[in-house]
Amino acid sequence: MSIVTSKSGPFTHAASSVQKTMTLVLLALAPATLFNLYLFGWPAILLFIVTVGACVAVEAGALSLGGRPVKSTLLDGSAVLTGWLLVMSLPPWAPWWVGVLAAVFAVGLAKHAFGGIGQNVFNPAMVGRTVLLISFPVVMTAWVAPHPLFSADAPSLMDAFSITFGGNMPDAMSAASALGHVKTELSRGIPVSESMAQVPNLFDMAVGYRAGSMGETSALLILAGGLFLMARKVISWHIPFTLMATVFLMGTLFNAVNPERFASGLFHLMSGATFLGAFFIATDYVTSPVSKLGQIVFAVGCGIMVWIIRTFAGYPEGMAFAVLFMNALTPIIDQYTRPRLFGRTRKGEPLPLKGDN
Amino acid sequence: MKLFPIRGGIHPDYRKETTCEKAIVAMPMPSALHIPLQQHIGAPAEALVKAGDTVKKGQLIARSQGAISAPQHAPTSGTVVAVTDETAPHPSGLPQATIVIEPDGKDEWAELPAPIADPFAADAQTIANRVAESGIVGMGGAAFPSAVKLNLGSRHKLDTLLLNGAECEPYLSCDDRVMREHADEVIDGARIMAHALGTPNIVIGIEQNKPQAIEAMTKAAATFSNVTVVGVPVQYPMGSERHLVQAITGRETPARKLTADIGVVVHNVATARAVQQAVRFGRPLLGRVVTVGGGAMREPMNVDTLVGTRVSDLINFCGGFASQPARMVNGGPMMGQPLPSLEVPVVKGMSGILALTAAETNEHPVQACIRCGTCVTICPCGLVPVEMAAFIRKDHLDVAAKLGVMDCVSCGSCSWICPSHIPLVHYFNYAKGMLNAQDREKRKNDRVKTASEAHTLRLEKAAEAKRAADAARKAALNKSTPATSEEASA
Numbered sequence: 045m046s047i048v049t050s051k052s053g054p055f056t057h058a059a060s061s062v063q064k065t066m067t068l069v070l071l072a073l074a075p076a077t078l079f080n081l082y083l084f085g086w087p088a089i090l091l092f093i094v095t096v097g098a099c100v101a102v103e104a105g106a107l108s109l110g111g112r113p114v115k116s117t118l119l120d121g122s123a124v125l126t127g128w129l130l131v132m133s134l135p136p137w138a139p140w141w142v143g144v145l146a147a148v149f150a151v152g153l154a155k156h157a158f159g160g161i162g163q164n165v166f167n168p169a170m171v172g173r174t175v176l177l178i179s180f181p182v183v184m185t186a187w188v189a190p191h192p193l194f195s196a197d198a199p200s201l202m203d204a205f206s207i208t209f210g211g212n213m214p215d216a217m218s219a220a221s222a223l224g225h226v227k228t229e230l231s232r233g234i235p236v237s238e239s240m241a242q243v244p245n246l247f248d249m250a251v252g253y254r255a256g257s258m259g260e261t262s263a264l265l266i267l268a269g270g271l272f273l274m275a276r277k278v279i280s281w282h283i284p285f286t287l288m289a290t291v292f293l294m295g296t297l298f299n300a301v302n303p304e305r306f307a308s309g310l311f312h313l314m315s316g317a318t319f320l321g322a323f324f325i326a327t328d329y330v331t332s333p334v335s336k337l338g339q340i341v342f343a344v345g346c347g348i349m350v351w352i353i354r355t356f357a358g359y360p361e362g363m364a365f366a367v368l369f370m371n372a373l374t375p376i377i378d379q380y381t382r383p384r385l386f387g388r389t390r391k392g393e394p395l396p397l398k399g400d401n
Numbered sequence: 002m003k004l005f006p007i008r009g010g011i012h013p014d015y016r017k018e019t020t021c022e023k024a025i026v027a028m029p030m031p032s033a034l035h036i037p038l039q040q041h042i043g044a045p046a047e048a049l050v051k052a053g054d055t056v057k058k059g060q061l062i063a064r065s066q067g068a069i070s071a072p073q074h075a076p077t078s079g080t081v082v083a084v085t086d087e088t089a090p091h092p093s094g095l096p097q098a099t100i101v102i103e104p105d106g107k108d109e110w111a112e113l114p115a116p117i118a119d120p121f122a123a124d125a126q127t128i129a130n131r132v133a134e135s136g137i138v139g140m141g142g143a144a145f146p147s148a149v150k151l152n153l154g155s156r157h158k159l160d161t162l163l164l165n166g167a168e169c170e171p172y173l174s175c176d177d178r179v180m181r182e183h184a185d186e187v188i189d190g191a192r193i194m195a196h197a198l199g200t201p202n203i204v205i206g207i208e209q210n211k212p213q214a215i216e217a218m219t220k221a222a223a224t225f226s227n228v229t230v231v232g233v234p235v236q237y238p239m240g241s242e243r244h245l246v247q248a249i250t251g252r253e254t255p256a257r258k259l260t261a262d263i264g265v266v267v268h269n270v271a272t273a274r275a276v277q278q279a280v281r282f283g284r285p286l287l288g289r290v291v292t293v294g295g296g297a298m299r300e301p302m303n304v305d306t307l308v309g310t311r312v313s314d315l316i317n318f319c320g321g322f323a324s325q326p327a328r329m330v331n332g333g334p335m336m337g338q339p340l341p342s343l344e345v346p347v348v349k350g351m352s353g354i355l356a357l358t359a360a361e362t363n364e365h366p367v368q369a370c371i372r373c374g375t376c377v378t379i380c381p382c383g384l385v386p387v388e389m390a391a392f393i394r395k396d397h398l399d400v401a402a403k404l405g406v407m408d409c410v411s412c413g414s415c416s417w418i419c420p421s422h423i424p425l426v427h428y429f430n431y432a433k434g435m436l437n438a439q440d441r442e443k444r445k446n447d448r449v450k451t452a453s454e455a456h457t458l459r460l461e462k463a464a465e466a467k468r469a470a471d472a473a474r475k476a477a478l479n480k481s482t483p484a485t486s487e488e489a490s491a
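Just so you know, the protein sequences line up as chains V and B, in that order. Quick note on numbering: the first sequence equals residues 45 to 401 in the working numbering. Quick note on numbering: the second sequence equals residues 2 to 491 in the working numbering.
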């Protein structure tokens, strides 16, 4: 009998795998995605297929270019997840090239130029979204109000082809997202307290019946998916809870100081990509700190940046920028938030014995 | 009893059910016994017999050498066939000096040392000496000579003897069975050890997944007010010495110190039983209970086995393999070592022989790290395995050392949980080996340097002395002829 002594223990292993983790995340995203595909109809479905397909294609291309195993790596599901998150952050009726171009920047530049899975510094989906947002601000902020599938004014499949591939975005259909509306009104001198009257009520915002990217709408289903991931121990409470609490606290605090100028904490919490960002974007393993303490620091940073960008910067939504900014700080956060070693002080010295000085 | 939390840890499939409900079975005498001279940490024993000698059961056949060492005894009566080099149960598979005995079937005892009539009246040294001469080593797996650990009372202020019955490794149930079937002997042994150590308290820590063992031990300990049996949470690696001490006493052993420095000495339950046998009956350590398990074994069970029994004989006794094992392990699946061959003997520290199927080992090709951070969360030592492994891969061992790789206890939790199947512990073991080698090399160089400096100094001193002597002689000469001297100086 041949005996293998090639490696040291352990000689048993948990039933964990990268693929399993990715599949769970996709599962958690599915309810919110399906609901949003329904809400925004055929154009959204086409864009979803195009973007995810483009991410997989770019991944395959980059892998074969790098001489790495293509099939087994594709099967880990990370490219699909990147594409999925990416399309969730795009306007649902955006033309096809937005999805393709975003995929090239997300998977090609942010991920593979840095060495592929596990090596990227920045969240690929957010890089894809941000590059597009900066380069094509008009297309990237052309939000539409929901047109549920099979409803009277929903575009047919043929209309959808024309919207997605023909670039025939019907002008009348565009609508502002809640955050965008508040910001625009504020710039026209209309105080937040008044402009808030015209945004959808918080209930509509929670269930998702409003204009926005797919991931921005339907906070409740995103929350359900996030709680599912927490129950399956794919993510822990540290990042989502801390991030949302920070955004809420910042909003509430400044709203109390000056309600004319600052939107409320609850509005910040329920609008934009707060839920998607907290549960699915900021929790990205590769680009967030590895220790729990580091994750809390990271999430506080994200929360503060989201609030600052939404409140003071030129863009109505700040989740993508906030996450990317904190991604850049992740290595340094990791360095300063290592756990205390057993039997040692935080500084790494052995614990003193009783009676020692 | 109030318990204290320990950091991290994992919950692997324990898979103890195939063996833990079956009584210990004694194995019949094998056709030959192969007793390696080194079955313990420290210096190997020195053989006292040669081919052709007849030996009796319990007779000393190899004596200990040095402060940290242990002797070997003949496990049965018979003839010494050879004293030769044979493959040792070490992953390297390197040969080691081994005494081969052919049993005569009579199992005739040699004259044993007299039982210590009242161990609680005996002084600590007497008990430690008996344990030393009985060849007892830590039977939890580390195989450190037990007598050395019984002497700790003279140098440290100790308050607790902690008996480790956690048995947190999956598959293994030998300690569980010993506690269930020989609770009185274990408790008696613990009390003798506590007496030798001078510790007022005895705590026996058993993981809560062994309720029968807890019950049996509690019953056996009922009459002794200073003995407490504690059920500890099922959380691997609860059986790690430092972590068990922390869970039970709340005290954290400082890095590079012993648990004795914080007043606690830890011994394994099977070791306590061996001490009891040596003190009460004069019997040296001749065998042990080994868990033979794993999905590839036809009849997994706990076997009372003589030291020196070939693993192949042991496996045949358990019905052989039911299927081709993917891995053969010496010890538990988490911290055990790969078994280099089936033609190696059972030794004193061998708690298990596992024949694992591919489904059980669940090995997969290594994938890239996705920085999920689970290894950081579960590390019971507070290390950052993902970071250390990355540095070790680039051979930046100095950075890994700074990050604390030498504090790693190789419990295997990080490798076990890694979704990318990265063999983290393999990296750490490599780094520890290299760093130890570098350290030895450095100390050797330092010694050479010190010696050569001393040599230079000595030469200089000799030269100095010679100059001084010359000067003195000249001075003496000058004194005898002062006029010349004055002329010279003028």
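From the three backbone atoms N, C-alpha and C, an ideal C-beta is built for every residue, glycine too.
Three-state secondary structure assigned by DSSP to K58/B: strand
Residues from the region 370 to 392 of chain B in contact with chain V, defined by Cβ distance under 9 angstroms: C370, I371, R372, C373, G374, T375, C376, V377, T378, C380, P381, C382, G383, L384, V385, V387 and E388
Reference S226/B; option with closest CA among N202/B, K211/B and A89/B: N202/B
Whole-angstrom distance between H157/B and G251/B, CA atom to CA atom: 19 angstroms
Length of the line joining the Cα atoms of P93/V and W281/V: For the record, residue 93/V in the displayed sequence is Ile; it is not Pro. Going from the Cα of I93/V to the Cα of W281/V covers about 31 angstroms.
C-alpha distance - A74/V paired with F356/V, whole-angstrom precision: 34 angstroms
Helix, strand or coil at W137/V [DSSP, three-state]: coil
Environment of A216/V [buried if 16+ CB atoms lie within 10 Å]: Because the pLDDT of A216/V is 49, which lies under 50, any placement of that residue in the model is unreliable, and the question is left without a value.
Neighbourhood of G142/B by C-beta distance below 6 angstroms, restricted to the same chain and skipping five residues each side: G332, G350 and S352
C-beta neighbour in chain B for A59/V, strict 8 angstroms: yes
Test: N401/V CB closer than 8 angstroms to a CB of chain B: With a pLDDT of 42 at N401/V, under the threshold of 50, the modelled position of this residue cannot be trusted; read the value that follows with caution. Judged by the 8 angstroms Cβ criterion, N401/V is not in contact with chain B.
Which of helix, strand or coil DSSP assigns to Q277/B: In the structure shown, Q277/B sits in a helix (DSSP, three-state: H, G or I).
Buried or exposed by the 16-neighbour rule on C-beta atoms within 10 Å, applied to D399/B: Around the Cβ of D399/B, a 10 Å sphere holds fewer than 16 other Cβ atoms; the residue is exposed.
Inter-residue CB distance, P135/V and M184/V (contact presumed, cutoff 8 angstroms): 6 angstroms
Endpoints, beta strand (DSSP E) assigned at I354/B: In the DSSP assignment, I354/B falls within the unbroken beta strand (DSSP E) covering G353 to L357.
Helix, strand or coil at E487/B according to DSSP, with G and I counted as helix: Reliability fails at E487/B, whose pLDDT of 47 lies under 50, so the model's placement of it is uncertain and the value that follows must be treated cautiously. In this structure, E487/B counts as helix in the three-state DSSP scheme.
Start-to-end residues for the alpha helix (DSSP H) that takes in R243/B: E242 to T250
Which listed residue (M2/B, I11/B and A27/B) has its alpha carbon closest to that of T292/B: Each of M2/B, I11/B and A27/B was checked against the Cα of T292/B, and the nearest Cα belongs to A27/B.
Chain V residues whose Cβ lies nearer than 7 angstroms to that of T254/B: Ordered by position in chain V, the residues that pass the 7 angstroms Cβ test against T254/B are G387.
Interface partners of I377/V on chain B, CB under 7 angstroms: Those within 7 angstroms of I377/V in chain B number zero; the least Cβ separation is about 12 angstroms.
Contact set between T56/V and chain B, taken where Cβ atoms lie within less than 8 angstroms: P13, D14, P171, P334, M335, L357, E361, T362, N363 and W417
Selected residue, minimal CA-CA separation from V291/V, among M274/V, L310/V and V301/V: Minimum Cα-Cα distance from V291/V among the listed residues M274/V, L310/V and V301/V corresponds to L310/V.
CB of V82/B within 8 angstroms of CB of I193/B, strictly: no
Closer than 8 angstroms to chain B by CB, V344/V: no
Burial state of T378/B (16 or more Cβ within 10 Å): With 16 or more neighbouring CB atoms inside 10 Å of its own CB, T378/B falls in the buried class.
Inter-residue spacing [alpha-carbon to alpha-carbon] between F166/V and L130/V: C-alpha separation (whole angstroms): 13 angstroms.
Three-way DSSP call (helix, strand, coil) for T389/V in this model: The answer is coil: DSSP assigns T389/V none of H, G, I, E or B.
Under 7 angstroms by beta carbon: chain B residues contacting R382/V: V385
Cross-strand partners of D440/B (DSSP beta bridge): According to DSSP, which records beta bridges pairwise, D440/B is partnered with nothing at all.
Chain V contact for N227/B (CB, 8 angstroms cutoff): no
Contact set for W137/V: own chain, Cβ-Cβ below 8 angstroms, skip 5 residues either direction: F84, P87, A88, L91, A186, V188, I207, T208, M213 and M217
As assigned by DSSP and simplified to three states, the class of L293/V: helix
Interface flag, L395/V vs chain B, CB-CB below 8 angstroms: yes
Same chain, Cβ closer than 6 angstroms to V243/V, neighbours up to 5 away in sequence not counted: Answer for V243/V: A222 and H225, listed in chain order.
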